[in-house]
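Worksheet: one structure, shown below.
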Amino acid sequence: MYWVLRLGIFGTDFVEDLVDDNPFGDEDDLEPAETQEYQGEDGVEIIEGGGAVRPAERITTRYLTKYEKARVLGTRALQISMNAPVMVDVGTETDPLEIAYKELREKKIPFTIRRYLPDGSYEDWGLNELIIPER
12 MYWVLRLGIF
22 GTDFVEDLVD
32 DNPFGDEDDL
42 EPAETQEYQG
52 EDGVEIIEGG
62 GAVRPAERIT
72 TRYLTKYEKA
82 RVLGTRALQI
92 SMNAPVMVDV
102 GTETDPLEIA
112 YKELREKKIP
122 FTIRRYLPDG
132 SYEDWGLNEL
142 IIPER
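Using my numbering, read the sequence shown as starting at 12 and increasing by one per residue.
Written as structure tokens, this is what we have:
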């Protein structure tokens, strides 16, 4: 038996489950994990994905997409609403989404955007490297 820590859809819910390694009790039918190999079905070859692309070889756009912007703002606003440290001067602002937007405009959000490419590799962009379109 072991504990599993699962991350929720939005990255905020943590659930601990007690998992039984062998719920049916048929331990004698199992082979050791070292001898089990994955066989591709119907001659399918399994190709490992690529790694990170160097910053000098990036091929994706320097612009933050509207989908990335929505994800960043929503995630950061959620963090702020849960009392995360704010990276800009708030003044009298109390709305977490507006504070997150102010942080984004000033490029103070400490996030990295990972963009996956079709070949399995990925590019990591810091928010301070991206061009952020206005509302």
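For every residue, glycine included, the Cβ atom is placed at its ideal position computed from N, Cα and C.
Please list the terminal residues of the continuous alpha helix (DSSP H) segment that includes residue 85. 77-92
Terminal residues of the continuous alpha helix (DSSP H) containing residue 109? 107-116
Any beta carbon of chain D sitting closer than 8 Å to that of residue 62? The chain inventory of the structure shown lacks chain D, comprising one protein chain alone.
List the residues that DSSP assigns as beta-bridge partners of residue 123. 137
Check whether the Cβ atoms of residue 63 and residue 133 lie closer than 8 Å to each other. yes
Is it true that the segment 65-76 meets the segment 98-113, where meeting means three or more beta-carbon pairs spaced less than 8 Å apart? no
By a C-beta neighbour count over all protein chains shown, 10 Å radius and 16 as the cutoff for buried, is residue 95 buried or exposed? exposed
Less than 8 Å between the beta carbons of residue 83 and residue 128, yes or no? no
Nearest to residue 114 (by Cα), restricted to the options 122, 123, 124, 99: 99
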